[in-house]
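Those protein sequence lines, which keep their order, are chains P and R.
If you read the first sequence in numbering that gives the first Met the number 0, its first letter stands for residue 0, the second for the next number, and so on.
If you read the second sequence in numbering that gives the first Met the number 0, its first letter stands for residue 0, the second for the next number, and so on.
Glycine residues also receive a C-beta, built at the ideal position from the N, C-alpha and C atoms.
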Amino acid sequence: MEKFELAGVSLDVEVLGAGPPLLYLHPEHYGQLHAPFVARLAESWTVYAPRHPGFDGRRPPADFRQVGDIAYLYLDLLGRLGLDSAAVLGASFGGWVALEMAVREPARLAALSLIAPLGVKLGGRDDRDFADLSALPDDEAAGCLFVGTPPDLGTFTEAELIAVARDRQFLAYYGWKPYLHNPSLARWLHRVTAPVHLIWGEADRFVAPGLGEGLASRLLAGRLDLVPGAGHYPQIERLDATIAALAAGPCAGVGG
Amino acid sequence: MKVWHFSEMAYHPGWEELGSSLRNVVPSRVYDPEVGADLYHRYLDEWALCDELGLNIMVNEHHTTATCTTSVCTIPMAILARETKKARLLCLGMPIANRMDAVRVAEEYAMIDVISRGRLEMGFVKGAPFEVSPANSNPATLMERFWEAHDLILKALTTHDGPFNWEGQHFQYRQVNVWPRPYQQPHPPVWMTVASPGSAAEGGARGHVIASLNTGYLRTPDIFESYRKAAAGAGREATRDRFAYLAIVGVGETDEEGKRRAHQILDYSRTTPRAAAQFWFPPGYTANEVTAQKLYNRSPLMIPLRDGGEFEMQTGTVDEFVNAGVAFAGNPDTVFEQIKEFNEHVGGLGHLLMMGQGGHISHEDTVGNLTLFSQEVLPRLAAL
Numbered sequence: 000m001e002k003f004e005l006a007g008v009s010l011d012v013e014v015l016g017a018g019p020p021l022l023y024l025h026p027e028h029y030g031q032l033h034a035p036f037v038a039r040l041a042e043s044w045t046v047y048a049p050r051h052p053g054f055d056g057r058r059p060p061a062d063f064r065q066v067g068d069i070a071y072l073y074l075d076l077l078g079r080l081g082l083d084s085a086a087v088l089g090a091s092f093g094g095w096v097a098l099e100m101a102v103r104e105p106a107r108l109a110a111l112s113l114i115a116p117l118g119v120k121l122g123g124r125d126d127r128d129f130a131d132l133s134a135l136p137d138d139e140a141a142g143c144l145f146v147g148t149p150p151d152l153g154t155f156t157e158a159e160l161i162a163v164a165r166d167r168q169f170l171a172y173y174g175w176k177p178y179l180h181n182p183s184l185a186r187w188l189h190r191v192t193a194p195v196h197l198i199w200g201e202a203d204r205f206v207a208p209g210l211g212e213g214l215a216s217r218l219l220a221g222r223l224d225l226v227p228g229a230g231h232y233p234q235i236e237r238l239d240a241t242i243a244a245l246a247a248g249p250c251a252g253v254g255g
Numbered sequence: 000m001k002v003w004h005f006s007e008m009a010y011h012p013g014w015e016e017l018g019s020s021l022r023n024v025v026p027s028r029v030y031d032p033e034v035g036a037d038l039y040h041r042y043l044d045e046w047a048l049c050d051e052l053g054l055n056i057m058v059n060e061h062h063t064t065a066t067c068t069t070s071v072c073t074i075p076m077a078i079l080a081r082e083t084k085k086a087r088l089l090c091l092g093m094p095i096a097n098r099m100d101a102v103r104v105a106e107e108y109a110m111i112d113v114i115s116r117g118r119l120e121m122g123f124v125k126g127a128p129f130e131v132s133p134a135n136s137n138p139a140t141l142m143e144r145f146w147e148a149h150d151l152i153l154k155a156l157t158t159h160d161g162p163f164n165w166e167g168q169h170f171q172y173r174q175v176n177v178w179p180r181p182y183q184q185p186h187p188p189v190w191m192t193v194a195s196p197g198s199a200a201e202g203g204a205r206g207h208v209i210a211s212l213n214t215g216y217l218r219t220p221d222i223f224e225s226y227r228k229a230a231a232g233a234g235r236e237a238t239r240d241r242f243a244y245l246a247i248v249g250v251g252e253t254d255e256e257g258k259r260r261a262h263q264i265l266d267y268s269r270t271t272p273r274a275a276a277q278f279w280f281p282p283g284y285t286a287n288e289v290t291a292q293k294l295y296n297r298s299p300l301m302i303p304l305r306d307g308g309e310f311e312m313q314t315g316t317v318d319e320f321v322n323a324g325v326a327f328a329g330n331p332d333t334v335f336e337q338i339k340e341f342n343e344h345v346g347g348l349g350h351l352l353m354m355g356q357g358g359h360i361s362h363e364d365t366v367g368n369l370t371l372f373s374q375e376v377l378p379r380l381a382a383l
């Protein structure tokens, strides 16, 4: 774990693996269930995996409340790491952060792989682009995220349960209202010049794949791959297929 | 000890049809406005009666629920400000972290205070967890929004020399200038609801009145003690009038009649847990260590008995609720002794928030309950 101080924010960054650099931005839920995915990434890339402020157990500064703040923080991090033109992989909430980075400083990102990113709402005011997880019964909310058997919270350690509660808290902190999107992000997507590879679980009922189609059509070089047999986290439910999709995507072609 | 009559203006005719979930997701087609109109007038009549009986009045608000159709606490209070002459009027209260226009809160309170010629008591409440969803207020920042609203409302009510600027984290106004100014100076008394020693300490540090709601025989003393310590730490005297307690009260000519009335009113308590599980722990509303314990283990709400053991809130009997200190029930002598004992147990109570109406209790029984209480119990409480 490497520690950074950037703009008054303390940041823990896990660095693992070997190969070309890849900035990996984690999603909102179930950190420990993503460990196998990150380990597989490390077989092909040198993975830089920061823990988002708040999700890391520290209270963010009072003026650090927007996903755009996280985006600026990670652009600073890329500078500190000496990565002028980086490959960035973001999943769900992490995908939202990656898009906010890309519209701010397009030239700094060489390639983007996004797994079912949040952050852009394309539907109308009556449409739920993102399922209201906190208003759904537990089994229905889990069914939005997983097509197969969802994680059994009864098997989680106390620390893992606290992490679940904290992850939900900070997803709310950054994304409660407007719900999980930045209303002006859609209009700036044309600024993203890097190739963008969208990967979506075919049975995602948290953020439906239709939103991925809309996103792909709004990006200069956008492409969408669906992963069969997966919900919102194909990297958990279909690890091999997700790794294979990433290996065939633009992040694989970015040299160190 | 002052006594305040409280009702949630329940729409109990819908309870059976709605089953296990009475909040948040229940369709309003269940609500018949003609029946609802009769109920509103009935409940307002019962509050108006309090003015003649020497009781004070308390209203609250909840949202999207058949348990409480007071969705805006200042609306019944505005009616009662005109309709009553003596009773003090307690809004307990205004969920100020869920009301996105804090200046509007100051305006509503100021108007009621002036119309009632200075009889308003201003409650500021955090709001129950299931209130987050109807308000769509961010639960992860709820308490910081609460305190910012609190500071802004008090400044708005006490600034009388023209507009001031407020550009805070959650509220932004460039010309705050509330008309009318309140009748009471510097502002109507401030009340807070509390449910833990931690929230009581916040009240104690500021000298506000705290109302502990149904916290019972076992939990209430620590809550009040926390207030006293915080008050002392802030150099304030924690006088008796700073402490309020909400309980269900059923009085009858006989113990049996009082218990029967309490039994009916207690459907308020029994229906409180009837909210879908996902609305109880909004993200960040409660400490993560507490929420973590409830993520997969949603045990029913339990109430501790004073001599050990506990019972399920949704099915408790009158005797269990009385034992727990959540209800006072019986003939006037019995009820007085119960309140007297509780008063001593918690170290002195300035206010009894009496839920004298709730559940399916009829208008006639409510009037009987309030009248008998005011005649036979209230005079004796004045000496406590």
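In this structure His-4 of chain R is buried. Its beta-carbon is surrounded by 16 or more other beta-carbon atoms within 10 angstroms. Taking 8 Å as the upper bound for CB-CB distance, Gly-355 of chain R and Val-248 of chain R are in contact here, some 6 Å apart. Closest by C-alpha distance to Glu-15 of chain R, out of R:Ser-6, R:Tyr-30, R:Met-8, is R:Tyr-30.
Around the C-beta of Lys-176 of chain P, fewer than 16 other C-beta atoms lie within 10 Å, and the residue is accordingly described as exposed. Of all residues in the stretch 291-316 of chain R, the ones placed with a Cβ closer than 7 Å to any Cβ belonging to chain P are Ala-291, Leu-294, Tyr-295, in chain order. In this structure, the CA atom of Leu-98 of chain P is about 17 Å from the CA atom of Asp-128 of chain P. A residue is called buried when at least 16 other Cβ atoms come within 10 angstroms of its Cβ; Leu-144 of chain P meets this threshold and is buried.
For Asn-135 of chain R, a Cβ of chain P is located within less than 8 Å of the residue's own Cβ.
Per DSSP, Val-96 of chain P is not a residue of any beta strand (DSSP E); the alpha helix (DSSP H) it occupies stretches across 92-103. A contact between stretches requires three or more CB pairs, one per stretch, nearer than 8 Å, and the stretch 321-339 of chain R meets this requirement with the stretch 250-262 of chain R. Membership of Arg-205 of chain R in any beta strand (DSSP E) is not indicated; the residue belongs instead to the alpha helix (DSSP H) covering 196-205. In the DSSP assignment, His-196 of chain P falls within the beta strand (DSSP E) that extends over 195-200. Proximity of Glu-252 of chain R to chain P, defined by a Cβ-Cβ separation below 8 Å, is not satisfied. Contacts with chain P (Cβ-Cβ distance below 9 Å) from the stretch 265-290 of chain R involve Ala-275, Ala-276, Gln-277, Phe-278, Phe-280, Pro-281, Pro-282, Gly-283, Tyr-284, Thr-285, Ala-286, Asn-287, Glu-288, Val-289, Thr-290, listed in chain order.
When the five nearest sequence neighbours on each side are left out, the beta carbons in the same chain lying within less than 7 Å of the beta carbon of Gly-92 of chain R are those of Asn-59, Cys-72, Gly-122, Phe-123, Val-124, Trp-190, Thr-192, in order along the chain. Three or more beta-carbon pairs drawn from the stretch 108-115 of chain P and the stretch 83-95 of chain P are found closer than 8 Å, and the two stretches are therefore classed as touching. A Cβ of chain R is located within less than 8 Å of the beta carbon of Tyr-172 of chain P.
At a cut-off of 8 Å between C-beta atoms, Ala-139 of chain R counts as an interface residue with respect to chain P.
Taking 8 Å as the cut-off between beta carbons, the residues of the stretch 117-132 of chain R near chain P are Ser-132, in sequence order. When DSSP states are grouped into helix, strand and coil, His-231 of chain P belongs to the coil group.
Shown here, Asp-224 of chain P sits in a strand according to DSSP, grouped into three states. Flagged as an interface residue toward chain P: Gln-168 of chain R, by a C-beta distance shorter than 8 Å. A contact between stretches requires three or more CB pairs, one per stretch, nearer than 8 Å, and the stretch 30-46 of chain P meets this requirement with the stretch 236-250 of chain P. Residues Gln-174, Val-175, Asn-176 of the same chain have their beta carbon placed closer than 7 Å to that of Pro-162 of chain R, with the five preceding and five following residues left out of the count. When DSSP reads this structure, Asp-11 of chain P sits in a beta bridge with P:Lys-2.
Residue range 45-49 is occupied by the beta strand (DSSP E) that includes Tyr-47 of chain P. Per DSSP, the beta bridge partners of Gly-249 of chain R are R:Ala-328. By the criterion of a C-beta distance shorter than 6 Å, Ser-225 of chain R is surrounded in its chain by Pro-196, Ala-199, Ala-200, once the five residues flanking it on both sides are discounted. If you ignore the 5 residues before and after Tyr-172 of chain R, its C-beta comes within less than 7 Å of the C-beta of Val-102, Trp-165, all in its own chain and listed in chain order. In the DSSP annotation of this structure, Pro-133 of chain R is not part of any beta strand (DSSP E); the continuous alpha helix (DSSP H) holding it starts and ends at 131-134. Shown here is that no member of the stretch 102-127 of chain P has a Cβ falling below 8 Å from a Cβ of chain R.
Shown here, Ile-360 of chain R sits in coil according to DSSP, grouped into three states, outside any helix or strand. DSSP places Glu-27 of chain P outside both helix and strand once states are collapsed to three, so it counts as coil.
Distances from the CA of Leu-88 of chain R to each of R:Trp-178, R:Pro-75, R:Leu-38 were compared; the closest alpha carbon is that of R:Pro-75. In the DSSP assignment, Cys-49 of chain R falls within the unbroken alpha helix (DSSP H) covering 32-52. Look at Glu-309 of chain R here: in three-state DSSP terms it is strand.
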